[in-house]
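Structure first, commentary second.
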Amino acid sequence: MRKYISLYTQQREARNIALELYNYRRMNPEQRAKSACVNLRGNTNRQL
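Just so you know, numbering that gives the first Met the number 0 puts 18 at position 19 of the sequence shown, and the rest follows in order with no gaps.
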């Protein structure tokens, strides 16, 4: 059961990262820089 939950979490995490990357590509450079700053702060404890 625990394995299944962690697998589900990993998939959800992967989907979130894919979505972030997709949105990131569609942004203009200003938004990109802003979003990168936020992501760096938010992801220091989360390894991609």
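Ideal Cβ placement from N, Cα and C applies to all residues, glycine included.
The three-state reading of DSSP puts asparagine 22 in helix, counting H, G and I together.
The three-state reading of DSSP puts asparagine 27 in coil, since its state is none of H, G, I, E or B. In its chain, beyond the 5 residues on either side, no residue has a beta carbon closer than 7 Å to the beta carbon of alanine 13.
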